[in-house]
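Step one of this worksheet: look at the structure below.
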Amino acid sequence: MAVAATTRTGARPSWAGRRPSVPPWVGTVPFFGYVAVFLLWPTGIVVYEAFKNPAGRFTLSGITALGNSQVRGFFIGSFKLSLISSLIGAVLGAILAYAVASGNPDGVIRRLYLCVSGVLAQFGGVTLAFAFLVLIGPVGLLFHAGWYFSFPWGITVIYAYFQIPLMVLVFLPAIDGLKVQWREASENLGSSAWQYWRYVGGPLLLPAFLGALLLLFANALSAYATIQAWEDAIPYTVPQQIYTSMSSEVGLANINYADALALGMVVLVAIVMTGYALLQRRAARWLR
Amino acid sequence: MAAVTSVGETPLAVPARRQAGMQAGRRRRLNLFRYVVFTVFGLFFALPLLAMARFSLEGAKLGTWSLTAWRQITSYTSSEGIPPLISAVEITLELAVITSAVMLVLVVPTMIWIRLRVRWLARAMEFLCLLPLTIPPIVLVVGLGPIYDKIAHLSLSALMLFWVYVILALPYAYRALAAGLSAIDATTLSEAARSLGASWFSVIVRVIVPNMWDAVLNALILTWALVLGEFTVAFFLLYVNLQVELYSISRNTPDAGVIFSTSTASLLFAFVLLLILSYVGRRRRAIRG
């Protein structure tokens, strides 16, 4: 396919003019411009507001509030839930993605799983929590799971319901990239299935797997509606705390505190991402 | 690169046939593995949905069946007389099309370009694409307030939501596309195309993108699913899309089962749409390949 495409384009070399005066990063300006207006600008406002009090004066009280033990508990809860649910989702999702990828690329099963995954990856909130409640809750249709209301395992099962489909969608192209020839070559050299995955398939997929894991982590970190519907009496995570402090009905709403919490989340992801970047550098060292 | 592969394929085919016994054994084991996986995951995905559907069909007395909750979706009309659900569906579909188009035009060329020419920006792009997930939508809405005030001066249509939906879809679309792009040898492909005289436009649109078409399709599916299921941002910016409309229907009827019939309906709707999208996408790929 690549050959066909390149020969076709080779027919008109006159278009391939070089403009050496323009540095290559100019091509990325539309993307970064758009992101600056609709993402960095709002984020900047959030960061800026985190350093102010409700009266509009500069203060560090929002930031210092991040240090108290209760708030730290929310961050630890968020981190624990995100880590566990993303690890489980990534591993199970990778297995499912492999099963999907090893079938007929135009088959019904693949199409079905792809579309179901697309829908379920964005499914959440009250209805998802309720579906699990009527299934395995205290008076469940299927059975009663004693751990249903325990943190983090009960909510992890519910989170797996959108984490696994998300993993399938983002990881499938990477598995599709594994060439049959590599498998055949390693078999011809006498490798077992385990050796193939340990020395060929695994290292090839590792960078993509880590990237997907990071996405799942952030996805679980930002989820709010589902955990709120699962157990609204006890707050466990940072987003729950943010919503509470933004929409308090007893007049205690404190936007600046919410902004400080949001800033804390951005910092948390930045830390996790630094660790990911280091891992990624090791994992992808031998790639070009 | 393509020439090397095609030369390499011929000798490989011979031993493959000779070791047919081992191949068949592996295939059997693989098929067994696939059926077990599909059954287990299928049950895990289907059971909560069935529980929800069962609940939406609950009659007035516990344990009886009734269609009341489903009838109320279609019978609901606004004071103006037109069923608002139709216009909400229409606006959401338009949003899905615009959002996915803007997202693809913005992200795909930039990503390939960074991959080929500006490697040092790759990490920055990845971080920016993940950032939307770390800011809770409600906080993003607060930050977007001033910008949307300016946009609202120009147009009040709910279509204006696409500006922020592109941002919300970035993490999912980026990861799907990155997986596809890293699975192909973009550098070699582009060098081959360039040395044959292709412009950079041709390299991106006619060489790289067709090779990562599956990833593009996945990104499309994720974007559509996001737009079809988005509630928070639309609700807080006071625009009416499908989810907001379904929410107000379930709010305005006394029947508690309606929230589950509306959710089931919106899931079914999204599923059918994505299925159609995947068929259209596949056909395109079949022509290409």
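As given, the protein sequences belong to chains E and U, one line each in that order. According to this note's numbering, numbering within the first sequence proceeds without interruption in unit steps and concludes at 288. According to this note's numbering, numbering within the second sequence proceeds without interruption in unit steps and concludes at 577. Glycine included, C-beta positions come from ideal geometry on N, C-alpha and C.
Cα-Cα separation, residue i to residue j
{"i": "residue 308(U)", "j": "residue 101(E)", "result": "At residue 308(U) the pLDDT is 49, less than 50, meaning the model places this residue with poor confidence; the figure from the coordinates comes in the next sentence. Roughly 22 Å between the two C-alpha positions."}
{"i": "residue 410(U)", "j": "residue 162(E)", "result": "28 Å"}
{"i": "residue 116(E)", "j": "residue 167(E)", "result": "12 Å"}
{"i": "residue 180(E)", "j": "residue 389(U)", "result": "33 Å"}
{"i": "residue 276(E)", "j": "residue 495(U)", "result": "31 Å"}
{"i": "residue 147(E)", "j": "residue 475(U)", "result": "51 Å"}
{"i": "residue 447(U)", "j": "residue 436(U)", "result": "12 Å"}
{"i": "residue 406(U)", "j": "residue 27(E)", "result": "9 Å"}
{"i": "residue 558(U)", "j": "residue 321(U)", "result": "30 Å"}
{"i": "residue 301(U)", "j": "residue 336(U)", "result": "Residue placement at residue 301(U) is poorly supported in this model, since its pLDDT is 43, which falls under 50; the coordinates still yield a value, given next. In a straight line, the C-alpha of residue 301(U) is about 46 Å away from that of residue 336(U)."}
{"i": "residue 81(E)", "j": "residue 506(U)", "result": "27 Å"}
{"i": "residue 427(U)", "j": "residue 266(E)", "result": "12 Å"}
{"i": "residue 328(U)", "j": "residue 552(U)", "result": "22 Å"}
{"i": "residue 65(E)", "j": "residue 78(E)", "result": "17 Å"}
{"i": "residue 31(E)", "j": "residue 69(E)", "result": "40 Å"}
{"i": "residue 60(E)", "j": "residue 425(U)", "result": "24 Å"}
{"i": "residue 6(E)", "j": "residue 481(U)", "result": "For residue 6(E), the predicted model reports a pLDDT of 45, less than 50, meaning its position is unreliable and no value from the coordinates is stated."}
{"i": "residue 22(E)", "j": "residue 394(U)", "result": "20 Å"}
{"i": "residue 280(E)", "j": "residue 274(E)", "result": "10 Å"}
{"i": "residue 349(U)", "j": "residue 343(U)", "result": "12 Å"}
{"i": "residue 334(U)", "j": "residue 326(U)", "result": "11 Å"}
{"i": "residue 463(U)", "j": "residue 160(E)", "result": "18 Å"}
Extent of the continuous alpha helix (DSSP H) run through residue i
{"i": "residue 124(E)", "result": "Taken as a continuous stretch (DSSP letters only), residue 124(E) belongs to no alpha helix (DSSP H), as it is neither H nor E."}
{"i": "residue 206(E)", "result": "202-222"}
{"i": "residue 423(U)", "result": "Looking at the DSSP string, residue 423(U) is not in any alpha helix (DSSP H), and its letter there is neither H nor E."}
{"i": "residue 57(E)", "result": "Element bounds for residue 57(E): n/a, residue is neither H nor E."}
{"i": "residue 397(U)", "result": "372-404"}
{"i": "residue 349(U)", "result": "Residue 349(U) -> no alpha helix (DSSP H), and no H or E assigned at all."}
{"i": "residue 26(E)", "result": "Counting along the chain, residue 26(E) falls outside any alpha helix (DSSP H), and DSSP gives it neither H nor E."}
{"i": "residue 256(E)", "result": "255-283"}
{"i": "residue 227(E)", "result": "225-230"}
{"i": "residue 42(E)", "result": "41-49"}
{"i": "residue 101(E)", "result": "69-101"}
{"i": "residue 298(E)", "result": "Past the boundaries of the shown model lies residue 298(E); chain E is included only from 1 to 288, so the question cannot be answered."}
{"i": "residue 533(U)", "result": "530-540"}
{"i": "residue 173(E)", "result": "153-176"}
{"i": "residue 244(E)", "result": "238-246"}
{"i": "residue 450(U)", "result": "450-470"}
{"i": "residue 482(U)", "result": "474-483"}
{"i": "residue 517(U)", "result": "501-517"}
{"i": "residue 38(E)", "result": "Neither: residue 38(E) is in no alpha helix (DSSP H) and is coded neither H nor E."}
Nearest residue (CA-CA) to residue i, options the options
{"i": "residue 226(E)", "options": "509(U), 520(U), 513(U) and 449(U)", "result": "520(U)"}
{"i": "residue 91(E)", "options": "47(E), 58(E) and 205(E)", "result": "205(E)"}
{"i": "residue 420(U)", "options": "457(U), 435(U), 396(U) and 405(U)", "result": "457(U)"}
{"i": "residue 284(E)", "options": "237(E), 208(E), 257(E) and 228(E)", "result": "208(E)"}
{"i": "residue 272(E)", "options": "356(U), 415(U) and 360(U)", "result": "415(U)"}
{"i": "residue 534(U)", "options": "374(U), 391(U) and 418(U)", "result": "374(U)"}
{"i": "residue 468(U)", "options": "517(U), 499(U), 487(U) and 552(U)", "result": "499(U)"}
{"i": "residue 417(U)", "options": "281(E), 269(E) and 144(E)", "result": "269(E)"}
{"i": "residue 527(U)", "options": "538(U), 536(U), 445(U) and 317(U)", "result": "445(U)"}
{"i": "residue 42(E)", "options": "318(U), 359(U), 434(U) and 355(U)", "result": "434(U)"}
Whole-number beta carbon distance between residue j and residue i, since they are thought to touch under 8 Å
{"i": "residue 455(U)", "j": "residue 39(E)", "result": "5 Å"}
{"i": "residue 387(U)", "j": "residue 450(U)", "result": "5 Å"}
{"i": "residue 230(E)", "j": "residue 155(E)", "result": "5 Å"}
{"i": "residue 478(U)", "j": "residue 491(U)", "result": "5 Å"}
{"i": "residue 84(E)", "j": "residue 152(E)", "result": "6 Å"}
{"i": "residue 142(E)", "j": "residue 135(E)", "result": "5 Å"}
{"i": "residue 391(U)", "j": "residue 461(U)", "result": "5 Å"}
{"i": "residue 172(E)", "j": "residue 97(E)", "result": "5 Å"}
{"i": "residue 93(E)", "j": "residue 164(E)", "result": "4 Å"}
{"i": "residue 565(U)", "j": "residue 512(U)", "result": "6 Å"}
Residue i vs residue j beta-carbon contact at 8 Å
{"i": "residue 290(E)", "j": "residue 213(E)", "result": "Any property of residue 290(E) remains undetermined from this structure, which presents chain E solely from 1 to 288."}
{"i": "residue 201(E)", "j": "residue 216(E)", "result": "no"}
{"i": "residue 242(E)", "j": "residue 261(E)", "result": "yes"}
{"i": "residue 224(E)", "j": "residue 240(E)", "result": "yes"}
{"i": "residue 237(E)", "j": "residue 74(E)", "result": "yes"}
{"i": "residue 515(U)", "j": "residue 380(U)", "result": "yes"}
{"i": "residue 465(U)", "j": "residue 396(U)", "result": "yes"}
{"i": "residue 563(U)", "j": "residue 111(E)", "result": "yes"}
{"i": "residue 453(U)", "j": "residue 404(U)", "result": "no"}
{"i": "residue 55(E)", "j": "residue 63(E)", "result": "no"}
{"i": "residue 530(U)", "j": "residue 376(U)", "result": "yes"}
{"i": "residue 431(U)", "j": "residue 45(E)", "result": "yes"}
{"i": "residue 118(E)", "j": "residue 510(U)", "result": "yes"}
{"i": "residue 123(E)", "j": "residue 517(U)", "result": "yes"}
{"i": "residue 36(E)", "j": "residue 422(U)", "result": "no"}
{"i": "residue 524(U)", "j": "residue 429(U)", "result": "yes"}
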